[in-house]
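Asker: For reference, the structure I am asking about is given below.
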Amino acid sequence: MLRVLEFLNLFMNEGDELLSLIKNSNYLIVFTGAGISTESGIPSFRGKEGLWAKYRPEIYGTFTGLISQFLIKPSNVVNFIFDFTSPILEAKPNISHICLAKLEEKGYLKSIITQNIDNLHSDAGNKNVIELHGNLYIWRCKKCENIEKIGKEKLSEFAKNLKKIQGRRELIRYINNFVKCKCGGRKRPDIVFFGEPLPFEAFEKAKKESKKADLFIIIGSSGIVSPACDLPYIAKENGAKIIEINPEGSCFENITDLIIIKRATEVFEELIKKI
Ligand code: NAD
């Protein structure tokens, strides 16, 4: 069978090969990283335009770092929150997100495991989305654990108002008011900062889905964020074929069966016409 596939591959381009693998798969899982959303206008953290080129990750990537920076220079944190959230709040799903929703609707795609917090897979229509690093629009009270969904408009207004407010005291008052929970505790976005554990249930589910996969597609992930980056290896160990789509080449090259060195939208613009 492998021989036949290899022979056919001589006459196929990568897109056709990808389509054929998808159509012949029994349990397709897609694993996404920041790269799938760059073409929706959200820069990845590590690129030239990324946030870490401007803000030190050891400070701004941790919750305690943010709090201490706020005490030293609140305007730095306000700028960071604005720069971090604005592209996400303005983003819309691109053709890659839309194609993945269509693949789920058609029954090919079983789950998406994402490291992104931008909600774009759900916005595109995917129902089975496992969010390993949380979601910017879900806020959780640290005291009563209550979960609240905060809309785009409300978050945009918050970010814009933060930029307008002058003076540390006014800022603290405004932020305290926004994060106050009914129980008296404080809410924070339910996203995973550096050094924090992944949500237990999401990660367990992601591991189970990765084990079940016979085809596992990695889109736009540097593969250096742990423990999320273990999932492709789990899939491989359990017999899945591994495909990677990334314009900068493979980060998982020791396990990939097919590497497509292209932007995700280049690949999915073609694929969506054929499914
Ligand atoms: P990363 O920033 O470490 O790597 C992004 C990868 O995407 C790179 O390998 C890059 O070559 C590739 N890429 C860039 N443009 C692409 C395109 N058009 N098509 C396909 N691939 C493309 O991203 P990561 O591995 O997800 O890890 C970063 C962490 O930052 C994640 O944990 C994630 O939670 C978070 N993050 C999320 C968002 C978001 O929600 N959109 C944005 C930035 C960072």
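Counting along the sequence shown from 1, when you hit position 162 you're at 1527 in the working numbering, and nothing is skipped either side.
Just so you know, even glycine gets a beta-carbon here, dropped at the ideal spot from N, CA and C.
None of these values were measured; they are calculated from a predicted model.
Any heavy atom of the ligand NAD closer than 6 Å to the beta-carbon of Gln1480?
Answerer: It does: the Cβ of Gln1480 is within 6 Å (strictly closer) of some heavy atom of the ligand NAD.
Asker: Tell me where the alpha helix (DSSP H) around Pro1597 begins and ends.
Answerer: Unbroken alpha helix (DSSP H) run through Pro1597: Leu1596 to Glu1602.
Asker: What three-state label does DSSP hand Thr1429 in the structure shown?
Answerer: If DSSP states are grouped into helix, strand and coil, Thr1429 belongs with the helices.
Asker: In chain order, what residues of the same chain lie with their CB nearer than 7 Å to the CB of Ala1605, ignoring the 5 residues before and after it?
Answerer: Same-chain partners within the cutoff: Ala1578, Asp1579, Leu1580 and Phe1581.
Asker: When you compare each of Thr1403, Glu1382, Phe1447 and Ile1446 to Cys1611 by their alpha carbons, which one comes out closest?
Answerer: According to the sequence as given, residue 1611 is Asn; it is not Cys. If we check each option's Cα against that of Asn1611, Thr1403 comes out closest.
Asker: When you compare each of Glu1566, Gly1490 and Ala1593 to Thr1479 by their alpha carbons, which one comes out closest?
Answerer: For the residues Glu1566, Gly1490 and Ala1593, the minimum Cα distance to Thr1479 belongs to Ala1593.
Asker: Which partner residues does Leu1580 have in the DSSP bridge list?
Answerer: Bridge partners of Leu1580: Leu1393 and Lys1606.
Asker: Taking 6 Å as the line, does the beta carbon of Ala1578 fall inside it for any heavy atom of the ligand NAD?
Answerer: No, the Cβ of Ala1578 stays beyond 6 Å of every heavy atom of the ligand NAD.
Asker: Whether or not the region 1482 to 1502 and the region 1547 to 1557 are in contact is what I'm after, with contact meaning three or more pairs of Cβ atoms, one per stretch, closer than 8 Å; do they touch?
Answerer: As far as the Cβ criterion goes, the region 1547 to 1557 touches the region 1482 to 1502, which means the pair count is three or higher.
Asker: Evaluate contact between the region 1389 to 1400 and the region 1468 to 1476, counting only Cβ atoms and requiring at least three cross-stretch pairs below 8 Å.
Answerer: Enough Cβ pairs lie closer than 8 Å, so yes.
Asker: Using three-state DSSP, classify Gly1400 as helix, strand or coil.
Answerer: Three-state result, Gly1400: helix.
Asker: CB of Ala1629 to nearest heavy atom of the ligand NAD: below 6 Å?
Answerer: Result yes, Cβ under 6 Å from the ligand NAD.
Asker: Around the C-beta of Ser1433, are 16 or more other C-beta atoms found within 10 angstroms, so that it is buried, or is it exposed?
Answerer: Burial call: exposed.
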